[in-house]
Amino acid sequence: MVKTLYNTYRGAMAYIEVELPNGDRSIGSAFHVGDGVFVTARHVVDKVKIVSMATTERYYVPDDNGNTTIHGDPQKYRSEWPKELNLENGPYFHPDERVDVAAIVCKEKDIIPIPLGDHLDDWINDSQFVLAETVIMGYPPIPFSKEPLLIAARGEINAVVDKYSGPHPHFIISAMPRGGFSGGLCLIEWQFALGIIVESLINNNRDTELGFMSVISVEPIYTCLAHHNILPDFQKEGWNGLWDK
Numbered sequence: 001m002v003k004t005l006y007n008t009y010r011g012a013m014a015y016i017e018v019e020l021p022n023g024d025r026s027i028g029s030a031f032h033v034g035d036g037v038f039v040t041a042r043h044v045v046d047k048v049k050i051v052s053m054a055t056t057e058r059y060y061v062p063d064d065n066g067n068t069t070i071h072g073d074p075q076k077y078r079s080e081w082p083k084e085l086n087l088e089n090g091p092y093f094h095p096d097e098r099v100d101v102a103a104i105v106c107k108e109k110d111i112i113p114i115p116l117g118d119h120l121d122d123w124i125n126d127s128q129f130v131l132a133e134t135v136i137m138g139y140p141p142i143p144f145s146k147e148p149l150l151i152a153a154r155g156e157i158n159a160v161v162d163k164y165s166g167p168h169p170h171f172i173i174s175a176m177p178r179g180g181f182s183g184g185l186c187l188i189e190w191q192f193a194l195g196i197i198v199e200s201l202i203n204n205n206r207d208t209e210l211g212f213m214s215v216i217s218v219e220p221i222y223t224c225l226a227h228h229n230i231l232p233d234f235q236k237e238g239w240n241g242l243w244d245k
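Under the numbering used here, residues 1 to 245 are what the sequence shown spells out, in order.
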């Protein structure tokens, strides 16, 4: 199951290279939710200069006019190749500055979108989610690598936390947090996005890797995109106009 999730949705991932106020460069992650809209963590793109964005993965899309078949499957496919992304608008931030969610609109629209889940805050039953399998994807820097590489890891949900420092449930994932995963994607075994990888939960400014990987749920993603009128039609399906209000 987790391998299928990775193969299906890795093409939606992009890295974001930014220049910090002190001139240093840093890498964060983002994922496509449709219509060229990429979501990420607010702290990845706030008060920095976006230097570049790009996808890194080749993937296949069903296309009757394609020239590729896979393992004898009669369905034909076309290849989608990694591409540089061109910023069209943004970044857009969640209206509550405590919420670590942001979005960027790129000119490139023909990229596989990630389906967001329908688990709004009030509908989350903690026991239903605990120990569910997840796949996380992002771009933590690898020493000596000459280019950003997509890193994927299997994990499980260990707990659901309501933080006293901000709203919305956060899922605690068993994988090790690393810098660069911020803004990345957490998929759940039920074939949709659990949420955005945000900060490592630590005390006393300890190393990121010593904390807990946290994933903010999908409600603030919907809220941010609807607030700025950039929620893709693909994500509005099944909501009966809720996010148009």
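Using N, Cα and C, we set each Cβ at its ideal position, and we do this for glycine too.
Could you compute how far the alpha carbon of residue i sits from the alpha carbon of residue j?
{"i": "S79", "j": "H32", "result": "18 Å"}
{"i": "V101", "j": "I16", "result": "15 Å"}
{"i": "S145", "j": "D24", "result": "18 Å"}
{"i": "T4", "j": "G138", "result": "17 Å"}
{"i": "N240", "j": "P91", "result": "27 Å"}
{"i": "R154", "j": "E88", "result": "33 Å"}
{"i": "G211", "j": "L201", "result": "5 Å"}
{"i": "E108", "j": "G166", "result": "33 Å"}
{"i": "S52", "j": "S26", "result": "11 Å"}
{"i": "H119", "j": "E237", "result": "15 Å"}
{"i": "Q246", "j": "F234", "result": "Outside the modelled stretch of the chain, which goes from 1 to 245, sits residue 246, for which no answer is possible."}
{"i": "D110", "j": "E147", "result": "23 Å"}
{"i": "E199", "j": "M213", "result": "7 Å"}
Between which residues of its own chain and residue i is the CB-CB distance below 6 Å, once the five residues before and five after are set aside?
{"i": "I124", "result": "P169"}
{"i": "M55", "result": "Reading off the sequence shown, one finds Thr at residue 55, where the question assumed Met. Result list for T55: A14, P82 and K83, in chain order."}
Among the residues of its own chain, which have a CB less than 8 Å from the CB of residue i, if the five just before and after it don't count?
{"i": "T69", "result": "Q75, K76 and Y77"}
{"i": "P143", "result": "none"}
Count the other CB atoms within 10 Å of the CB of residue i; is the residue buried (16 or more) or exposed (fewer)?
{"i": "N183", "result": "This sequence places Gly at residue 183; Asn is not what is there. By the neighbour-count rule (16 or more Cβ atoms within 10 Å), G183 is buried."}
{"i": "M1", "result": "exposed"}
{"i": "T72", "result": "Rather than Thr, the amino acid found at residue 72 in this sequence is Gly. G72 should be labelled exposed."}
{"i": "L252", "result": "As displayed, the chain neither begins before 1 nor continues past 245, which places residue 252 out of reach and without an answer."}
{"i": "S127", "result": "exposed"}
{"i": "L20", "result": "exposed"}
{"i": "L149", "result": "exposed"}
In its own chain, which residues sit with a C-beta less than 7 Å from the C-beta of residue i, not counting the 5 before and 5 after it?
{"i": "L187", "result": "L5, Y9, T134, V135, A193 and L194"}
{"i": "D121", "result": "H168, P169, S217 and E219"}
{"i": "L231", "result": "Y222, L225 and W243"}
{"i": "S174", "result": "G155, E156 and N158"}
{"i": "H227", "result": "P95"}
{"i": "C106", "result": "G36, F38, M53, L85, N86, L87 and E88"}
Looking at the strands, I want to know which residues DSSP matches up with residue i.
{"i": "R154", "result": "V135"}
{"i": "S52", "result": "E17"}
{"i": "Y92", "result": "A103"}
{"i": "S29", "result": "Y15"}
{"i": "L5", "result": "According to DSSP, L5 bridges with nothing at all."}
Taking 7 Å as the threshold (beta carbon to beta carbon), is residue i in contact with chain B?
{"i": "V99", "result": "Here there is only one protein chain, and chain B is not present."}
*Answer yes if the segment 38-46 comes into contact with the segment 168-178, meaning at least three C-beta pairs across the two stretches below 8 Å, and no otherwise.*
no
*Any chance the segment 111-118 sits against the segment 90-103, with 3 or more Cβ pairs inside 8 Å?*
no
*Spell out a yes or no on whether the segment 209-224 and the segment 61-81 are touching, meaning 3 or more CB-CB pairs, one atom from each, closer than 8 Å.*
no
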